[in-house]
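Student: Residue 1 is where the sequence shown starts when you use full-length UniProt numbering, and the numbers rise one by one after that.
For each residue, glycine too, the CB sits at the ideal point set by N, CA and C.
The structure presented is a predicted model; accordingly, all values stated were derived computationally and were not measured.
Structure provided below as structure tokens; questions to follow.
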Amino acid sequence: MRYKHVKNAGIDLSALAVGTWAIGGQKWGDVNEKDSIKAIRAMIDEGVNLVDTAPVYGNGHSEEVVGKALEDGYRDKVFLATKFSISNDENGAIINNGSYENAIRECDDSLRRLKTDHIDIYIMHWPDPGTPVEETMRALDDLKKSGKIRYVGVSNFNRELIEAAQKVVRIDFLQPPYSMVEESQKNLLMWCEEQGIGTMTYGSLGAGILTGAVRELPDWEENDFRYTFYDYFRDPKFSRIMELLTVLDQIALARQKPLAQIAINWSTQKSYVSTAICGVRDPQQAWENCSTFDWELTADEMGIIDEAVKRLISCDQKIV
């Protein structure tokens with residue numbers, strides 16, 4: 001396992017983090033809880049020291065599974081990250097609440113579900129247009145002073161919001177999307193590196209499309225979250241990604257490595273990515289992800305991929 005130092009927090013994080021969205025079960029089909037626990041522990045046994053979750057993942061179920069997985073001494077081996085502000089109402093609609101009171105309440109609820117006395121990295125999941133960011137950050141500052149959280153993070157924030165938040169409390173982490181098919185946050189990631197802010201990127205495999213599992217335009221229902229949340233599975237983006245995969249296929253064949261490992265290595269070999277969050281549902285998947293770090297892409301291979309990404313994908317993205 002490779003590790004990177006995060007300046008503001010003063011800690012070393014594994015280049016790979018355990019992602020637990022799918023473990024929540026919601027929108028991901030049937031998930032076996034015992035396999036999920038084994039998968040989390042397998043990644044920790046391989047040197048992963050960051051577990052990322054959120055209450056909105058399965059309406060608290062993901063946090064509960066993580067809490068069970070971190071029993072028997074595993075809690076002391078990891079930095080535990082969870083989030084707040086996003087939840088579902090009784091009809092499944094998204095609620096965004098960044099108020100002071102809600103941040104405090106959600107923290108206490110997460111501590112209970114996770115069976116822990118503190119959260120290492122507490123992250124505002126999405127900006128709340130209805131609440132001044134200063135109010136939310138004041139809650140995080142108070143939680144930090146109380147010992148319930150150690151480090152403050154934000155997700156899906158732009159630079160302006162981060163700078164506003166920093167006037168109230170130090171921001172230690174940003175969690176943005178980043179992958180070969182999503183480079184819109186590249187400049188922000190580079191700025192965070194300059195500021196000493198750690199970056200925990202999500203979507204490293206592009207909702208699975210960078211594994212090569214989908215090679216034909218899928219005929220999914222329009223309410224399938226992969227169809228509605230991402231544009232990867234719709235043309236013209238889909239066709240361009242398929243062309244990118246032909247470039248990756250050549251490297252995969254030459255190196256005898258799976259596409260997923262190429263995608264993970266490409267992200268984590270960027271200096272401005274502290275750690276890449278990858279979902280895991282069973283021990284086999286955990287071992288495959290962790291074996292990514294038994295090798296590295298060469299500078300030439302990185303250059304070939306960078307050129308293809310620039311030509312096919314990021315040419316149409318607004319880089320912030």
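Leaving out five residues before and five after Thr131 in sequence, what residues of the same chain have Cβ atoms less than 7 Å from its Cβ?
Tutor: Here residue 131 corresponds to residue number 131 of the sequence shown, with the count starting at 1. Once the five neighbours on either side are set aside, the close Cβ partners of Thr131 are Gly98 and Ser99.
Student: Asn96 bridges to which residues according to DSSP?
Tutor: The residue you call residue 96 lines up with position 96 of the sequence shown. Answer is Ile86, bridged to Asn96.
Student: For Gln175, which residues from the same chain have a beta carbon less than 7 Å from its beta carbon, with the 5 sequence-adjacent residues on both sides left out?
Tutor: Here residue 175 is taken as the residue at index 175 of the sequence shown, counted from 1. These residues qualify, in order along the chain: Ile123, Gly153, Ser155, Met200 and Tyr202.
Student: Could you tell me if Asp120 is buried or exposed, where buried requires 16 or more neighbouring beta carbons within 10 angstroms of its beta carbon?
Tutor: Walking along the sequence shown from the start, residue 120 turns up at place 120. Looking at its Cβ environment, which holds 16 or more other Cβ atoms inside 10 Å, Asp120 is buried.
Student: Would DSSP call Gly208 helix, strand or coil?
Tutor: Sequence index remark: in the sequence shown, residue 208 carries index 208 (1-based). Three-state DSSP puts Gly208 in a helix.
Student: Identify every run of the alpha helix (DSSP H) within the region 189–268, keeping only runs that are complete inside it and at least 4 residues long; order them along the chain.
Tutor: DSSP runs (the alpha helix (DSSP H)) wholly in the region 189–268: 225–229, 237–255 and 259–268.
Student: Would you identify the three-state DSSP class for Phe157, choosing helix, strand or coil?
Tutor: Position 157 of the sequence shown holds residue 157. It is coil, neither helix nor strand.
Student: Looking at C-alpha atoms only, which residue of Val273, Gln269, Arg281 and Leu312 is the closest neighbour of Asp294?
Tutor: Position 294 of the sequence shown holds residue 294. It is Gln269.
Student: Quick one: grab the DSSP three-state call for His61.
Tutor: As a working note, residue 61 is residue 61 in the sequence shown. Looking at His61 - three-state DSSP - the assignment turns out to be helix.
Student: Helix, strand or coil: which one does DSSP assign to Ala81?
Tutor: In the sequence shown, residue 81 corresponds to position 81, counting from 1. It is a strand residue.
Student: Thinking C-alpha only, which one of Glu243, Lys257 and Trp191 is nearest Arg311?
Tutor: As a working note, residue 311 is residue 311 in the sequence shown. The option with the nearest alpha carbon to Arg311 is Glu243.
Student: Would you call the CB atoms of Ala286 and Met43 closer than 9 Å?
Tutor: In the sequence shown, the residue the question calls residue 286 occupies position 286. In the sequence shown, the residue the question calls residue 43 occupies position 43. Yes, they are a contact pair.
Student: Can you confirm whether the region 243–256 touches the region 1–8 when touching is taken to mean that 3 or more C-beta pairs between the two stretches lie within less than 8 Å?
Tutor: Taking 8 Å as the limit for Cβ pairs, the verdict is that the region 243–256 does not touch the region 1–8.
Student: Quick check: what's the CA-CA separation for Ser146 versus Ser87?
Tutor: If you number the sequence shown from 1, residue 146 lands on position 146. If you number the sequence shown from 1, residue 87 lands on position 87. Their Cα atoms are separated by approximately 24 Å.
Student: As a quick exercise: from Met302, Met180 and Pro236, pick the residue whose alpha carbon is nearest that of Thr211.
Tutor: Numbered from its first residue, the sequence shown carries residue 211 at position 211. Ranking Met302, Met180 and Pro236 by Cα distance to Thr211 puts Met180 first.
Student: Suppose you measure from the CA of Trp28 to the CA of Ala22; what does that come to, to the nearest Å?
Tutor: For this step, residue 28 is matched to residue 28 along the sequence shown. For this step, residue 22 is matched to residue 22 along the sequence shown. Its pLDDT being 45, under 50, Trp28 is placed unreliably by the model, and the measurement read from it follows with that caveat. Approximately 6 Å, taken between the alpha carbons.
Student: Would you mind sorting Phe229 into buried or exposed? The rule is 16 or more other CB atoms within 10 Å of its CB.
Tutor: Residue numbering aside, residue 229 sits at position 229 when the sequence shown is read from its first letter. The residue in question, Phe229, is exposed, as its Cβ has fewer than 16 Cβ neighbours within 10 Å.
Student: Assuming contact is defined by CB atoms lying nearer than 9 Å, are Gly129 and Lys83 in contact in what I supplied?
Tutor: For the purposes of this step, residue 129 is taken as residue 129 along the sequence shown, with counting starting at 1. For the purposes of this step, residue 83 is taken as residue 83 along the sequence shown, with counting starting at 1. In the sequence on display, residue 129 carries Pro and not Gly. Contact flag unset, no.
Student: Go through its chain and collect everything with a Cβ distance to Val273's Cβ below 6 Å, but skip five positions before and after it.
Tutor: On the sequence shown, residue 273 is found 273 positions in, with the first residue counted as 1. Taken in chain order, the residues that qualify are Thr199, Thr201 and Ser267.
Student: By a C-beta neighbour count over all protein chains shown, 10 Å radius and 16 as the cutoff for buried, is Thr136 buried or exposed?
Tutor: As a working mapping, residue 136 is identified with position 136 in the sequence shown. When all chains shown are included, Thr136 counts as buried.
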